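Using my numbering, the letters of the sequence shown map in sequence onto residues 8 to 95. Worksheet: the structure to be examined is printed underneath.
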Amino acid sequence: MYIVRYCVGSYDDSYEVNLFVTNKKTTATKYVTRFNSIFKKWKEHYKQYEETEYGIAWIKDEYAEKYFDRWNSLRETNKCYWSEIELR
8 MYIVRYCVGS
18 YDDSYEVNLF
28 VTNKKTTATK
38 YVTRFNSIFK
48 KWKEHYKQYE
58 ETEYGIAWIK
68 DEYAEKYFDR
78 WNSLRETNKC
88 YWSEIELR
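What follows is the structure, encoded as C-alpha coordinates:
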(Lines of atoms letter the chains of each structure in order from A and count residues from 1; the text may use other names and numbers.)
(Lines give C-alpha, C1' and ligand atoms only; values in the text may rest on other atoms or scores of the structure.)
Protein backbone atom coordinates (compact mmCIF):
# COMPACT_ATOMS: atom_id res chain seq x y z
CA MET A 1 0.00 0.00 0.00
CA TYR A 2 1.07 3.58 -0.63
CA ILE A 3 0.16 6.57 1.50
CA VAL A 4 0.20 10.01 -0.08
CA ARG A 5 1.01 12.92 2.23
CA TYR A 6 2.67 16.29 2.63
CA CYS A 7 4.20 18.20 5.54
CA VAL A 8 3.27 21.60 6.91
CA GLY A 9 5.50 23.76 9.07
CA SER A 10 9.12 23.32 10.02
CA TYR A 11 11.23 22.02 12.87
CA ASP A 12 9.25 21.47 16.10
CA ASP A 13 5.91 22.75 14.82
CA SER A 14 5.68 20.56 11.72
CA TYR A 15 3.05 17.92 11.09
CA GLU A 16 2.08 15.56 8.28
CA VAL A 17 -1.19 15.66 6.39
CA ASN A 18 -2.28 12.23 5.13
CA LEU A 19 -4.31 12.58 1.94
CA PHE A 20 -5.18 9.02 0.94
CA VAL A 21 -3.99 5.42 0.70
CA THR A 22 -3.93 3.35 -2.48
CA ASN A 23 -2.68 -0.05 -3.51
CA LYS A 24 -1.43 1.28 -6.86
CA LYS A 25 1.97 2.90 -7.03
CA THR A 26 1.07 4.58 -10.33
CA THR A 27 -1.94 6.31 -8.76
CA ALA A 28 0.19 7.64 -5.90
CA THR A 29 2.92 8.79 -8.28
CA LYS A 30 0.48 10.56 -10.61
CA TYR A 31 -1.17 12.38 -7.71
CA VAL A 32 2.15 13.48 -6.21
CA THR A 33 3.37 14.72 -9.59
CA ARG A 34 0.19 16.70 -10.22
CA PHE A 35 0.07 18.12 -6.66
CA ASN A 36 3.69 19.29 -6.82
CA SER A 37 3.20 20.81 -10.28
CA ILE A 38 0.21 22.87 -9.15
CA PHE A 39 1.92 23.71 -5.86
CA LYS A 40 4.98 25.05 -7.70
CA LYS A 41 2.82 27.25 -9.95
CA TRP A 42 0.99 28.78 -6.97
CA LYS A 43 4.26 29.46 -5.12
CA GLU A 44 5.66 31.18 -8.21
CA HIS A 45 2.48 33.25 -8.58
CA TYR A 46 2.58 34.50 -4.99
CA LYS A 47 6.25 35.50 -5.24
CA GLN A 48 5.11 38.65 -7.03
CA TYR A 49 3.62 39.87 -3.73
CA GLU A 50 6.79 39.52 -1.68
CA GLU A 51 9.95 41.50 -1.12
CA THR A 52 13.31 40.38 0.20
CA GLU A 53 15.19 42.25 2.87
CA TYR A 54 18.40 40.96 4.43
CA GLY A 55 17.86 37.64 2.64
CA ILE A 56 14.43 37.10 4.19
CA ALA A 57 11.31 37.13 2.00
CA TRP A 58 8.18 38.79 3.36
CA ILE A 59 4.90 39.90 1.82
CA LYS A 60 4.74 43.55 0.74
CA ASP A 61 2.67 45.79 3.00
CA GLU A 62 0.19 46.75 0.28
CA TYR A 63 -0.70 43.06 -0.29
CA ALA A 64 -0.67 41.86 3.31
CA GLU A 65 -4.36 42.27 4.05
CA LYS A 66 -5.58 40.58 0.88
CA TYR A 67 -2.98 37.86 0.26
CA PHE A 68 -1.14 37.13 3.51
CA ASP A 69 -3.10 34.03 4.57
CA ARG A 70 -2.63 32.21 1.25
CA TRP A 71 0.98 33.39 0.85
CA ASN A 72 1.88 32.23 4.35
CA SER A 73 0.07 28.91 3.89
CA LEU A 74 2.04 28.20 0.72
CA ARG A 75 5.33 29.07 2.43
CA GLU A 76 4.56 26.69 5.32
CA THR A 77 3.61 23.76 3.05
CA ASN A 78 6.21 21.33 1.72
CA LYS A 79 6.03 19.14 -1.36
CA CYS A 80 3.75 16.12 -1.55
CA TYR A 81 5.25 12.61 -1.49
CA TRP A 82 4.23 9.00 -1.08
CA SER A 83 5.66 6.27 1.10
CA GLU A 84 5.08 2.56 1.13
CA ILE A 85 3.25 1.05 4.10
CA GLU A 86 2.37 -2.51 5.08
CA LEU A 87 -1.11 -3.79 5.64
CA ARG A 88 -1.50 -5.79 8.85
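Where a beta carbon is used, it is the ideal one built from N, C-alpha and C, also for glycine. Computed from a prediction, not measured in an experiment: that's the story for all the values here.
Relative to the alpha-carbon of Arg77, which residue among Glu57, Tyr61, Cys87 has its alpha-carbon at the smallest distance? Within the sequence shown, residue 77 is the residue found at index 70, counting from 1. Comparing Cα-Cα distances from Arg77 to each of Glu57, Tyr61, Cys87, the minimum goes to Glu57.
Cβ shell of Lys50 (< 7 angstroms), same chain only, five flanking positions each side left out: The residue you call residue 50 lines up with position 43 of the sequence shown. Around Lys50: Leu81.
_So, for Phe46: in the same chain, excluding its five sequence neighbours on each side, which residues have a beta-carbon less than 8 angstroms away from its beta-carbon?_
Position 39 of the sequence shown, counting from 1, holds the residue named residue 46. Counting only Cβ-Cβ distances below 8 angstroms, and skipping sequence neighbours, we find Leu81, Thr84, Lys86, Cys87.
Asn43 to Lys37, Cα distance in whole Å? The residue you call residue 43 lines up with position 36 of the sequence shown. The residue you call residue 37 lines up with position 30 of the sequence shown. Between Asn43 and Lys37, the C-alpha separation is close to 10 angstroms.
Proximity to Leu94 [Cα-Cα], best of Tyr74, Val28, Glu60
In the sequence shown, the residue the question calls residue 94 occupies position 87. Nearest of Tyr74, Val28, Glu60 to Leu94, Cα basis: Val28.
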